Structure formats: C-alpha cells, structure tokens
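Visitor: So the sequence shown is numbered by UniProt numbering: it starts at 1 and just counts up by one.
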Amino acid sequence: MSEAGNSGPQSLENGKAAAYRVLARKYRPSNFSELVGQEPMVRTLTNAFATGRIAQAWMLTGVRGVGKTTTARILARALNYKTADMDQPSVDLAVLGEHCQAIMEGRHVDVIEMDAASHTGIDDIRDIIERVRYAPVSARYKVYIIDEVHMLSTQAFNGLLKTLEEPPPHVKFIFATTEIRKVPITVLSRCQRFDLRRIDAGALVAHLSSISAKEGISVDDDALAMIARAAEGSARDSLSILDQAIAHGAGSVSADAVRAMLGLADRARIVDLFEHVMKGDVAAALAEFRTQYDTGADPAAVLTDLAEFNHLVTRLRFVPTAIEDASLSEGERQRGADFARTLSVRVLSRTWQMLLKGIPEVQSSNRPVSAAEMVLIRLAHAADLPTLDEALRSLDGTAPVQNGATRPNGAPAPSGNGNGASASAVAQTRMPAGPGGAQTMRLVEAAPAPVAFVAPPQPVLETQQVPLKSLADIVALADAQRDIAFKVLVKSCIRLVRIEPGRIDVGLTSDAPKMLLNDLTTKLRAWTGRSWLVSLSKEEGGQTLAEMESTKRENAFLDAKSDPTVAAILARFPGAKVIDVRIPDAPEAETAEADVPVEPPTDDDET
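(1) Alpha carbons only, please: which of Leu239, Thr83 and Leu79 is nearest the one belonging to residue 640?
(2) Within 8 Å, do at least three Cβ pairs link the region 489-500 to the region 540-547?
(3) I'd like to check one pair, Leu328 with Ala206: are the Cβ atoms closer than 9 Å?
(4) To the nearest angstrom, how far is the alpha carbon of Glu500 from that of Asp511?
(5) In the DSSP output, which residue or residues are listed as bridge partners for Arg378?
(6) Would you mind stating whether Val313 and Gly336 have Cβ atoms separated by less than 9 Å?
(7) Quick one: what's got a C-beta closer than 8 Å to Ala300's C-beta in the same chain, skipping five residues either side?
(8) Within the region 185-272, note down every full beta strand (DSSP E) run reaching 3 residues or more, in order along the chain.
(9) Where does Ile174 sit, in a helix, a strand or coil, going by DSSP?
(10) I need the DSSP call for Met86, collapsed to helix, strand or coil.
(11) Taking just the CA atoms, how far does Met374 sit from Asp92?
(12) On the CB-based measure, 16 or more other CB atoms within 10 Å of its CB, does Ala526 come out buried or exposed?
(13) If you count every other CB in all the chains shown that lies within 10 Å of the CB of Phe173, and 16 or more means buried, which is it?
(14) Strictly by DSSP, which residues pair up with residue 609?
(15) If I'm right that Ala231 touches Ile217 with Cβ under 8 Å, what's the distance once you round it to whole angstroms?
(16) Quick check: the region 87-101 against the region 23-33, are at least 3 beta-carbon pairs closer than 8 Å?
(17) So what does DSSP say about Leu286, is it helix, strand or coil?
(18) Output the residue ranges of the beta strand (DSSP E) runs that lie fully inside the region 10-67 and measure 3 residues or longer, sorted by chain position.
(19) Sorted by chain position, which residues of the same chain lie with C-beta nearer than 7 Å to Asp222's C-beta, five sequence neighbours on each side aside?
(20) Taking buried to mean at least 16 other C-beta atoms within 10 Å of its own C-beta, is Glu195 buried or exposed?
(21) In this structure, does DSSP put Ser153 in helix, strand or coil?
(22) Tell me whether Leu558 sits in a helix, a strand or coil according to DSSP, three-state version.
(23) Just to confirm the assignment, what range does the beta strand (DSSP E) spanning residue 611 have?
(24) When you compare the CB positions of Leu204 and Ala235, do they come within less than 9 Å of one another, or not?
(25) Any idea what DSSP makes of Arg315, helix, strand or coil?
(26) Going by beta-carbon coordinates alone, are Ile579 and Leu520 separated by less than 9 Å?
(27) When you compare only the Cα positions, how much space is there between Ile112 and His150?
(28) If you count every other CB in all the chains shown that lies within 10 Å of the CB of Tyr20, and 16 or more means buried, which is it?
(29) With contact counted as at least three CB pairs below 8 Å, one residue from each stretch, are the region 247-261 and the region 318-328 in contact?
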C-alpha cells in the first residue's frame, strides 16, 4: 500500500527516531489510481484485465521519473493479486492482497527485478532462460522486471528472443527503458508498448500541493510552479526538489528560497528584461541582467528563462488557451498576452533563433556574464532591424528606411529639405503596426533620413534581340540575368513540348516546384518585355537539359573507353580509370588557329 497517509513527523520506534524516507519513496504510488498523469495507460490495462486479454510482455518507456519501475511493480502486483474474496488478476488494488506488500517492497521470490545496466551479458539471460521453466513458488505468475533494458548486449537480446516470443504460461516479462530507440525492433515486436508521458505542470503542482499538505509544510504557490517547471514532467524529480526545498527553508518553502536554491531568475524580472530587449533599450536590459546576476541567477539560466518566455508569447498568439497553464504566474499571463498581441511572429522567431545560438555560447564561455551581456546587446539591436521582406519593400520604395529600420506600415518619412534631411531632431515613437508590421517600441532620435536606395532596373531583352527557340535559350537568358537558382530548375525540371513566339508548352518532372510555371511566365515577361503564355501540356515532352547533358556525358565516357589509344593506356597502367572527358569545339579551335598571325622565323629559330 502507499504510505501517503503517513504524514507529519517521523514515527518513533523503541525510543529512537525512525530512518527518514525521502518523499519520492514515501509517496511512491502502490496502485493504478495513485499514478499521476498516466491515464491512457491505466485505461488500456484496465480494459485488458477486464476482458482477460493479458499480454505476455510489456515495454514501458519514458523519461526519468515518470513512473516506469513503479508501474512495473504495480503491474506485477495486479498479475498476482489474491485476497480472501478474489483470486484472479485485477487492477482494483484497493485492498492489500496476499503478495502485495512483498512485491511493492521488491522482496517477493516470484517477482525478479534485474538492472540491465549491471547485468548486460548473455550469461545473465541464460540464467533467466533456465529458470523460466520452473513454476512460481507461491504466486500466480513468475514476473521478470528488467530495468534499463536497452543496456543489454546484442547477444543478450538475441538469446532472449525465443523465450520472449513463446514464454511458459506462468511467466510474464516487464521491461523499462529511457532509450527506446536502442531496443531492437525484434524485441519491441514481441511486447505491448506503453509510452509514459511527461506529467503536465498543472498535475505536478496539484500533486506537490497535496503532499505538502500531508506533510504539514507551508509552500507558496509560486514555489510549487517553479519546482514543477524545473522537474520537466518528472514526478520523482519534483519530489526530490521539494524535499531539498523543505530542508533549505527549515520546514517552510518560499518562492525566494526555491529561486535561490535552484539559481533561477525571478520570472517577473525576466518579463521586465524581455520588455527592455524588445524596446531596444540596451542600458536598461544590461542593468536588469546585472541585478539578477547579483542576486544569484545563473547567466545561462537567465537566457534560458528569456527563451521560455519568448516561446510562451509566441504560443499565446496561436493557442490562447495556453494562458490557463497552472505553472504560470499572474504577471506572466497578463503581460505575455499583451506581448502576443503586439509582437509579430517574425520578430519572436528571430529572437528565439538568436537565443538558441546564444545560450550554448554562454554555457561554454569562460566568461559567461560577458557572453550573456553580448547576447542581450545583439537581441536589443536586432529588435530595431527590419525583417528581410521589410527591407526588400524598402528597396522598392514602398516602405522607406529610416534609422536602419522600416517604418510601420510603410509610412512615409517625415518631410525635410530637398536632400532628405529632417528639419530638426525630434523624438519618434515606433508603435506596433499589427500582426505583420514592425514591432519595436523604442524611442529614437530622428537623424537626417538617408535617400532610399533604388535598385537599378534589370535590362529588358527584347524577343527580337534574343529569340527563344529552345530551352537552351531560356537557360542562357536566366544565366544572363544571373538567376542561377531558376536556371537550375529550368534545366532539371522542364521538358519542352513546343515553343513559338509568345507561347511555350512544356511538361514537368515529378519533383518540379508547383509554382515553376508561374515563375517562368513572370520572369520571361520581365526579361523579354512581352507577355508569354506558358501552359502544361498533356504530352510528356522530350528530355530535360540535365538529362541530355547526362546522356551526352555517358556517351562521351563510352566513346573514350572504346578508343584504342585510351584502352592501351588503361591496360598499361593497372588501376587507372577515366574520370573526365573534355572535347574541344573543333570549328572554334580551327578559327582560333587561323586568326593567329604567323611571324617570320628569326635567326634563333633557324639555328
């Protein structure tokens, strides 16, 4: 049975204090109803036991601390459940059975627990294979629980396969692992697999609150939320941290004590730091970071929390119900929702990417504080930079650039003199421009506005000047325009059916981009100065240029290998091979030779 009812101070035995049991062991679940956050698995096992469809082997997988070994013991208890009124497998374990106590304490003779990390060889598996033939001593089933099964050697796995596929009717296998990918598929196919999920932060908070009440410990709600976040979905980790926090706070747990113990930053101050960065206020951001560092926060932890809040804001844009997460503070909910309404996904994505690159830099640096400050400086400056599409629009003149950033919604720059300089330096406030516009809110001093750069127009090539008669002409046109990516697509994806002035019928390869025909129409109109009708033909068309080049190259290799001179060279030098074939253009070569003037012989030449 669970010891969840044993609350308060430790009991006394023979005048001596009983040995202290950590919370993770004291409140270890003893039946399926006490498992936290694993309802899908419990439902499946309940239905299987009710219908008598009990498997011969189970594979339990999940991260550390979600209850794999505990579930294995509860399952062994359910298989061997026996009371005065019931003698059959059952998942209803409310009443302590004949074998329950010994199984949960790991000392039952018919429930064998083995740690595969220390028993990895084939000899250990041979011992199991030899013992499975014998019936259990007192229980209904002989149950083998193998923890960290992925640590078994290849020979050990192979030796277990036959027994695992056809075990005796009185034997059951339960495997547990944190590295499911390392388990051979031949073993997985012989087991029912259960993926134990990470426990939701809200469920962990409720679980920790219940245990704290049973222990008579006063714990702040913010402290429970911090512990739940730090545990990352692991019930055992959360109880271990709570145990440590109780000892740290001498019987009471406060948010400040947990923050100091774990080296965490104040979540409210993380939001302040995020706001300073988004405004581009470098001085305020660095001052806030230094204050958090001076109070004990780890630099990498500060940036990690900043990335988590950035992720929260991004998530709130698409999943508004995420604001109901029990692990969030009220400040995070309100201010996170405000940021989600004003910051665009492009700005948030750029911040996320920069933080992902910056956190490892801080962790590996021998000066983490300086490295973290440089990351914050980059973030603050990037907050005022235009995104790529905004910069491109500014080049087109639709959103003039001022102070290194596009103005919201492409608003025109303030009027000035003929040179584009503003009449006076005024403070401008950049306000959010909705989901797709610029999002920085910093106050900047207006400097003389530079003249917007206008890209030089691409040369228009008239069809009369460059007639298009083949795919090669289109490729040459793309090459002249320096559009290498489009040139490659034309060569590899288009099969020409027919071409005439103003119209092209083509076929496409299976891997051609969906917008290739539209792009071809647009580019030909821009490059030739006339409209083209590009249509997809029902005919397959000829070879692509890439296929033609490949065929030509293969033929050249075959011709080279069949040449008597080349064959003689290859025979003379064993191991030699033809790696390239280059055929000069004969007419051009002859013309080049004819154009070279022949100088009269000199005296030196005659000698």
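Idealized CB from N, CA, C, for every residue including glycine. Bear in mind that the values here come from a model prediction, so they are computed numbers and not experimental data.
Guide: So, from the listed chains and residues:
(1) With the chain running from 1 to 607 in the structure shown, residue 640 is simply not present.
(2) As far as the Cβ criterion goes, the region 540-547 touches the region 489-500, which means the pair count is three or higher.
(3) Here the question's residue 206 lines up with position 206 in the sequence shown. Here the question's residue 328 lines up with position 328 in the sequence shown. With contacts defined by Cβ atoms closer than 9 Å, Ala206 and Leu328 do not form a contacting pair.
(4) As a first step, residue 500 is located in the sequence shown; it is residue number 500 there, counting from the start. As a first step, residue 511 is located in the sequence shown; it is residue number 511 there, counting from the start. Looking at the two C-alpha atoms, the distance is approximately 26 Å.
(5) Numbered from 1 along the sequence shown, position 378 holds the residue referred to as residue 378. Beta-bridge pairing links Arg378 to no other residue.
(6) Taking the first residue of the sequence shown as position 1, residue 313 is located at position 313. Taking the first residue of the sequence shown as position 1, residue 336 is located at position 336. Yes, they are a contact pair.
(7) Position 300 of the sequence shown holds residue 300. Within the same chain, Ala300 has close Cβ partners Ile359, Val362, Gln363, Pro368 and Ala372.
(8) The region 185-272 contains, as complete beta strand (DSSP E) runs of 3+ residues, the segments 192-195 (chain order).
(9) Position 174 of the sequence shown holds residue 174. Secondary structure at Ile174: strand, using DSSP grouped into helix, strand and coil.
(10) Here residue 86 corresponds to residue number 86 of the sequence shown, with the count starting at 1. Secondary structure at Met86: coil, using DSSP grouped into helix, strand and coil.
(11) Indexing the sequence shown from 1 puts residue 92 at position 92. Indexing the sequence shown from 1 puts residue 374 at position 374. Near 58 Å, if we compare the C-alpha coordinates of Met374 and Asp92.
(12) Counting from one through the sequence shown, the residue named residue 526 turns up at place 526. Counting Cβ neighbours within 10 Å, Ala526 comes out exposed, since fewer than 16 surround it.
(13) As a first step, residue 173 is located in the sequence shown; it is residue number 173 there, counting from the start. With 16 or more Cβ atoms within 10 Å of its Cβ, Phe173 is classed as buried.
(14) There is simply no residue 609 to check, as the chain begins at 1 and stops at 607 in what is shown.
(15) Counting from 1 along the sequence shown, the entry for residue 231 is found at position 231. Counting from 1 along the sequence shown, the entry for residue 217 is found at position 217. The beta-carbon distance between Ala231 and Ile217, rounded to whole angstroms, is 17 Å. This is too long to meet the 8 Å contact definition.
(16) These segments touch.
(17) Within the sequence shown, numbered from 1, the residue matching residue 286 stands at position 286. Assignment of Leu286 by DSSP, reduced to helix, strand and coil, places it in the helix class.
(18) For the region 10-67, whole beta strand (DSSP E) runs of length 3 or above, ordered along the chain, are 57-61.
(19) Translated into the one-based positions of the sequence shown, residue 222 becomes position 222. Sequence-distant Cβ neighbours of Asp222 in its own chain, meaning closer than 7 Å and more than five residues away, are Ala255 and Ser329.
(20) Counted from its first residue, the sequence shown places residue 195 at position 195. The sequence given here places Asp at residue 195; Glu does not occur at that position. Burial is judged here by how many other beta carbons sit within 10 angstroms of a residue's own beta carbon; Asp195 has fewer than 16 and is exposed.
(21) To locate residue 153, count along the sequence shown from 1; it is residue 153. Shown here, Ser153 sits in coil according to DSSP, grouped into three states, outside any helix or strand.
(22) Here residue 558 is taken as the residue at index 558 of the sequence shown, counted from 1. Correct three-state label for Leu558: helix.
(23) The chain is shown only over 1 to 607; residue 611 falls outside these bounds and no answer can be derived.
(24) Taking the first residue of the sequence shown as 1, we reach residue 204 at position 204. Taking the first residue of the sequence shown as 1, we reach residue 235 at position 235. Cβ distance < 9 Å, so Leu204 and Ala235 count as in contact.
(25) In the sequence shown, counting from the first residue as 1, residue 315 sits at position 315. Helix.
(26) If you number the sequence shown from 1, residue 579 lands on position 579. If you number the sequence shown from 1, residue 520 lands on position 520. No. Outside cutoff.
(27) If you number the sequence shown from 1, residue 112 lands on position 112. If you number the sequence shown from 1, residue 150 lands on position 150. Taking C-alpha positions only, Ile112 is separated from His150 by approximately 18 Å.
(28) Along the sequence shown, read from residue 1 onward, the residue named residue 20 stands at position 20. Exposed: under 16 other Cβ atoms inside 10 Å.
(29) No, the region 247-261 does not touch the region 318-328.
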